[in-house]
Amino acid sequence: MTSEARSILQANAAWLKANPSANIEIEGHCDERGTTEYNLALGAKRARAALDYLVSLGIPAARIRTTSYGEELPLCKESTENCFEKNRRDRFVEARGRPSS
Numbered sequence: 094m095t096s097e098a099r100s101i102l103q104a105n106a107a108w109l110k111a112n113p114s115a116n117i118e119i120e121g122h123c124d125e126r127g128t129t130e131y132n133l134a135l136g137a138k139r140a141r142a143a144l145d146y147l148v149s150l151g152i153p154a155a156r157i158r159t160t161s162y163g164e165e166l167p168l169c170k171e172s173t174e175n176c177f178e179k180n181r182r183d184r185f186v187e188a189r190g191r192p193s194s
């Protein structure tokens with residue numbers, strides 16, 4: 094995990110602490126390289142790493158749900174390294190109701 098990713102997660106943790114009734118969903122996304130199965134697993138691993146870091150910052154895991162979209166929802170559709178980098182990401186969405194991982 095990069096220092097930039099940790100900073101973003103720390104800001105998300107601060108928001109969650111300030112909004113104790115809020116729950117979130119972490120969506121894991123990948124670039125187009127690799128098989129569908131591999132990318133779904135990688136997206137799940139990416140989302141789980143974010144969840145684990147938030148838990149280490151004091152956010153209860155029960156407030157977080159994870160989902161992997163693999164390569165299915167790209168931000169960028171060009172086959173370039175810059176585009177691949179944009180597609181390798183986690184996205185945080187405020188969830189309705191109680192999350193379940």
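According to my numbering, the sequence shown is numbered sequentially starting from 94.
Just so you know, even glycine gets a beta-carbon here, dropped at the ideal spot from N, CA and C.
{"query": "Simplified DSSP assignment, three categories, for Ser172", "result": "coil"}
{"query": "Inter-residue CB distance, Ala140 and Gly121 (contact presumed, cutoff 8 angstroms)", "result": "3 angstroms"}
{"query": "Thr129 (DSSP reduced to helix, strand or coil)", "result": "helix"}
{"query": "C-beta contact flag for Ala137 and Thr159 at 9 angstroms", "result": "yes"}
{"query": "Exposure label - Ala88; buried when at least 16 CB within 10 Å", "result": "Missing from the structure shown is residue 88; the chain here goes from 94 to 194 and no further."}
{"query": "Residues of its chain near Val148, where Cβ-Cβ distance is below 7 angstroms and the 5 sequence neighbours each way are ignored", "result": "Ala154"}
{"query": "Cutoff 7 angstroms; reference Asn132; Cβ partners in own chain excluding five residues on either side", "result": "Cys123, Gly163, Glu164"}
{"query": "Integer-rounded CB distance, given that Glu187 should sit under 8 angstroms from Ala115", "result": "6 angstroms"}
{"query": "Inter-residue spacing [alpha-carbon to alpha-carbon] between Leu150 and Glu118", "result": "17 angstroms"}
{"query": "Backbone secondary structure at Asp183 - three-state DSSP", "result": "strand"}
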